[in-house]
DNA sequence: TTTAACAAATTTTTT
DNA sequence: ATTTGTTAAA
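In the working numbering, the protein residues as written are 470 to 1172.
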């Protein structure tokens, strides 16, 4: 492949450079080579963005930059893992020195190192969102899950905008907001008492830290020579502020993103960050990657047509040199079952046609998780292997959460959510009555539940019977021998875990509490798998817990479990299985497949519409639609060779059936009328139905 | 007071 | 269909 004109870099550059530059196009090379200031790389879908980032890391190193001085920040652990892997392929072991992690794990790192400046012990806990839900229910005295979710959501968005409870209180416009701000304050106090942080704090607190402590800020600014941010369009206000403080006035950073793929507005991401970048950094170099290496022209044309209805932040048009390809297919289905059958039929027919198509070449993409179910059934019936991504994560499983709660509690006795879970698994004669009493006592004395347990005045508050079992539990948790082994026992972590499970009687507990023998066995298997995974993590070979690479030789169980809240899948089990993928559109971002079925593309489903969103102001409605449109764009651009888009003529909504309308995005794809025809088999079926009906009409005597 | 059995409600997207 | 809240039994 010939190098682009004017940029032939052979002379005057370090050895190894030519290998690295091989195969990059002009704009990609520009993006890689611009290192002396801030740059924004607008990377269209499939334009080789990960390649640019990894090549840039390699380039910086080859220019003599210390690998430790480079940070690459992503949003998901998966993206971080892939980036580390691909960097390793370019620079070898040096990749381990580079900080390649998610925003959240970077936050963890900052807080573990410097959290004491904010009154946070090193052993703080990270709360998952259902821990948070539980705390808010307790603080707000409500059991209405839906309502509390709303509070949780509002508090989270305040935090994402960089507001704390006093800001919220000051700015509150209604009585409701004031009440919520007060609740938020109570929530903050609780977290402080529990020595715990939530997901949003993992960004907000490090930001606070860098704002307040100049010494720490200096430390990091001099440590980091270049920061690369992946999926920049997904950053929220606090993440942007954090980035600015990390890079300092030198502003050596590379933001890589695509405004057309911004689909996380609902969790605080804002395109303002993209808009503001050229204003905040006038010397910003903007580079566009417009050549797509993934999809055929037919697919890309549909994608461009859809996104054309959105206002443009930066003008850019993707093009492909992979040829026209198969036309995009649109399919109208009678109902969900029919749609699932059609998707299965499509997979089967493509597989039986000339080329050898693997199962892993296919993906079925949908808007919401619950849509997966019907496709699972159909695939199972057809004996097609599949995996569901973006469903329930391994660490969400009850049995895994049980174990994590135990370990968390050992690490941080003040972790009340962990306490509440551990104290009742297995059942030890302690019920909500006793726990409510303990909780009330703890709250009134501003203690965590564990502290309250051994407080001297506790016996007055709780009947002796319950207190006895509680304190026995407390002693077991703090069993010195166990703790010592958990904290240092790195090499025999596996053996320790098994011993501990036995002492706990966890296996018996699982089987006693589940009358379905098989299910209990599956759970137990999960537990064992989890233990193996933990043990491996503690082994100290190469460790990348929560996306942070550390070279420390051995880690304790406690260290490992503290980052589990950030993980969703057991990393390392990413074995390439030859199976069909079922995925939400959100979880599909960054991935690609030769053949994609985009299903349930209905008005109300793909531009998603909830009853609540109806009475939102006009402008907000429009922004919502734009984000849904980007979601459609993401879906279309996942496909390499063929794309089928289907919609439902009748669909279930809640309990009853309603008539379905094709999504407005289907029309926006501006396909040739000829391609929007129904599948030939579909026609045949319709004909048959007509025939049958006519026959029955004839058979029946008129009236 | 605890636990197990039973009834009812509920679905956007996720670090 | 799964999961949460309520009620009844132990």
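Built from N, CA and C at the ideal position, the CB exists for glycine as well.
(message) Taking its Cβ as the centre, do 16 or more other Cβ atoms sit within 10 Å of residue 558, making it buried, or is it exposed?
(response) For the purposes of this step, residue 558 is taken as the residue at position 89 of the first chain. So residue 558 ends up on the exposed side.
(message) If I measure Cβ to Cβ from residue 898 and keep anything under 7 Å in the same chain, skipping five residues before and after, which residues do I get?
(response) Counting from one through the first chain, the residue named residue 898 turns up at place 429. Cβ neighbours of residue 898 beyond the five flanking positions: 938.
(request) Answer with buried or exposed for residue 667, where buried requires no fewer than 16 other C-beta atoms within 10 angstroms of its C-beta. (result) Taking the first residue of the first chain as position 1, residue 667 is located at position 198. By the neighbour-count rule (16 or more Cβ atoms within 10 Å), residue 667 is buried.
(request) Can you say whether residue 1034 is buried or exposed, counting buried as having 16 or more other CB atoms within 10 angstroms of its CB? (result) Residue 1034 sits at position 565 when you count from the first residue of the first chain. By the neighbour-count rule (16 or more Cβ atoms within 10 Å), residue 1034 is buried.
(request) Name the residue from 985, 993, 962 whose alpha carbon lies nearest to the alpha carbon of residue 974. (result) Working through the first chain from its first residue, we reach residue 974 at position 505. Residue 974 has its Cα closest to that of 993, out of 985, 993, 962.
(message) Can you tell me where the beta strand (DSSP E) holding residue 931 begins and where it ends?
(response) Residue 931 sits at position 462 when you count from the first residue of the first chain. Run containing residue 931: none; DSSP gives neither H nor E here.
(request) Can you give me the start and stop residues for the beta strand (DSSP E) that residue 726 sits inside? (result) Counting from 1 along the first chain, the entry for residue 726 is found at position 257. From DSSP, the beta strand (DSSP E) with residue 726 extends over 722-726.
(request) Go through its chain and collect everything with a Cβ distance to residue 875's Cβ below 7 Å, but skip five positions before and after it. (result) The residue you call residue 875 lines up with position 406 of the first chain. For residue 875, where only same-chain residues beyond five positions count, the Cβ hits under 7 Å are 891.
(request) Leaving out five residues on either side along the sequence, give the residues of the same chain with a beta carbon under 6 Å from the beta carbon of residue 679. (result) As a working note, residue 679 is residue 210 in the first chain. Answer for residue 679: 686, 714, listed in chain order.
(message) Once the 5 residues before and after residue 562 are set aside, which same chain residues still bring their CB inside 7 Å of it?
(response) Within the first chain, the letter at position 93 stands for residue 562. If we look at residue 562 and ignore the five residues flanking it on each side, it has no Cβ neighbours.
(message) Can you look up residue 886 in the DSSP assignment and give me helix, strand or coil?
(response) Residue 886 sits at position 417 when you count from the first residue of the first chain. Residue 886 carries a helical assignment under DSSP once its states are collapsed to helix, strand and coil.
(request) Take residue 1119 and list the residues in its own chain whose beta-carbon comes closer than 8 Å to its own, dropping the five residues that flank it on each side. (result) Residue 1119 sits at position 650 when you count from the first residue of the first chain. Correct list, in chain order: 803, 804, 1126, 1127, 1128, 1129.
(request) With DSSP collapsed to three states, give me the class of residue 1119. (result) As a first step, residue 1119 must be located in the first chain, where it is residue number 650. Of the three classes helix, strand and coil, the one that applies to residue 1119 here is strand, per DSSP.
(message) On the criterion of 16 or more Cβ atoms from any shown chain inside 10 Å, does residue 1002 qualify as buried, or is it exposed?
(response) In the first chain, residue 1002 corresponds to position 533, counting from 1. Buried.
(message) According to DSSP, simplified to helix, strand and coil, what is residue 869?
(response) Numbered from 1 along the first chain, position 400 holds the residue referred to as residue 869. It is helical.
(request) With a 10 Å radius around its C-beta and 16 neighbouring C-beta atoms as the bar for buried, classify residue 1079 as buried or exposed. (result) Position 610 of the first chain holds residue 1079. Burial call: exposed.
(request) Determine the extent of the beta strand (DSSP E) in which residue 512 is found, giving its start and end residues. (result) On the first chain, residue 512 is found 43 positions in, with the first residue counted as 1. Its beta strand (DSSP E) spans residues 508-512.
(request) Please confirm whether residue 763 and residue 1109 have their CB atoms less than 8 Å apart. (result) Your numbering for residue 763 matches position 294 in the first chain. Your numbering for residue 1109 matches position 640 in the first chain. Cβ distance < 8 Å, so residue 763 and residue 1109 count as in contact.
(request) Taking 8 Å as the cut-off, decide whether the C-beta atoms of residue 444 and residue 1071 are in contact. (result) Outside the displayed span of the chain (470 to 1172) sits residue 444, for which this structure offers no information.
(message) So the candidates are 515, 547, 505, 965; which of them puts its Cα closest to the Cα of residue 1063?
(response) Against the first chain, residue 1063 aligns to sequence position 594. Looking at the Cα atoms, 515 is the closest of the given residues.
(message) Assuming the contact rule is C-beta atoms closer than 8 Å, residue 909 and residue 917 should be a hit. Round their C-beta distance to whole Å, please.
(response) Numbered from its first residue, the first chain carries residue 909 at position 440. Numbered from its first residue, the first chain carries residue 917 at position 448. The beta-carbon distance between residue 909 and residue 917, rounded to whole angstroms, is 13 Å. This is too long to meet the 8 Å contact definition.
(request) Answer yes or no: do residue 509 and residue 755 have a C-beta to C-beta separation smaller than 8 Å? (result) The sequence position of residue 509 within the first chain is 40, counting from 1. The sequence position of residue 755 within the first chain is 286, counting from 1. Taking a C-beta distance under 8 Å as the contact criterion, residue 509 and residue 755 qualify as a contact pair.
(message) I believe residue 845 touches residue 1051 by the beta-carbon criterion, under 8 Å. Please report the beta-carbon distance rounded to the nearest angstrom.
(response) Counted from its first residue, the first chain places residue 845 at position 376. Counted from its first residue, the first chain places residue 1051 at position 582. Between residue 1051 and residue 845 the Cβ distance is about 7 Å, and since that is below 8 Å, they are a contact.
(message) For residue 640, count the other beta carbons within 10 Å of its own beta carbon; 16 or more makes it buried, fewer makes it exposed. Which is it?
(response) Within the first chain, residue 640 is the residue found at index 171, counting from 1. Exposed, because fewer than 16 other Cβ atoms sit within 10 Å of the Cβ of residue 640.
(message) Along the chain, where does the beta strand (DSSP E) containing residue 556 start, and where does it finish?
(response) Translated into positions along the first chain, residue 556 becomes position 87. No beta strand (DSSP E) holds residue 556; the alpha helix (DSSP H) holding it covers 546-560.
(message) For residue 595 and residue 808, what's the separation of their Cα atoms in angstroms?
(response) Position 126 of the first chain, counted from the first residue, corresponds to residue 595. Position 339 of the first chain, counted from the first residue, corresponds to residue 808. When rounded, the distance between both Cα atoms is 41 Å.
(request) May I have the straight-line CA-CA distance separating residue 655 from residue 500, to the nearest angstrom? (result) In the first chain, counting from the first residue as 1, residue 655 sits at position 186. In the first chain, counting from the first residue as 1, residue 500 sits at position 31. Residue 655 and residue 500: Cα-Cα distance of roughly 47 Å.
(request) Please classify residue 1046: is it buried, with 16 or more other beta-carbons within 10 angstroms of its beta-carbon, or exposed? (result) If you number the first chain from 1, residue 1046 lands on position 577. Counting Cβ neighbours within 10 Å, residue 1046 comes out exposed, since fewer than 16 surround it.
(request) Report the residue from 608, 531, 729, 927 whose alpha carbon sits nearest the alpha carbon of residue 1097. (result) Locating residue 1097 in the first chain gives position 628, where the first residue counts as 1. For residue 1097, the nearest C-alpha among the options comes from 729.
(message) With three or more C-beta pairs closer than 8 Å as the rule, is the region 538-547 touching the region 691-710?
(response) Yes: at least three Cβ pairs fall under 8 Å.
(request) Would you give the residue range spanned by the beta strand (DSSP E) that residue 826 belongs to? (result) Numbered from its first residue, the first chain carries residue 826 at position 357. From DSSP, residue 826 is part of no beta strand (DSSP E); its letter is neither H nor E.
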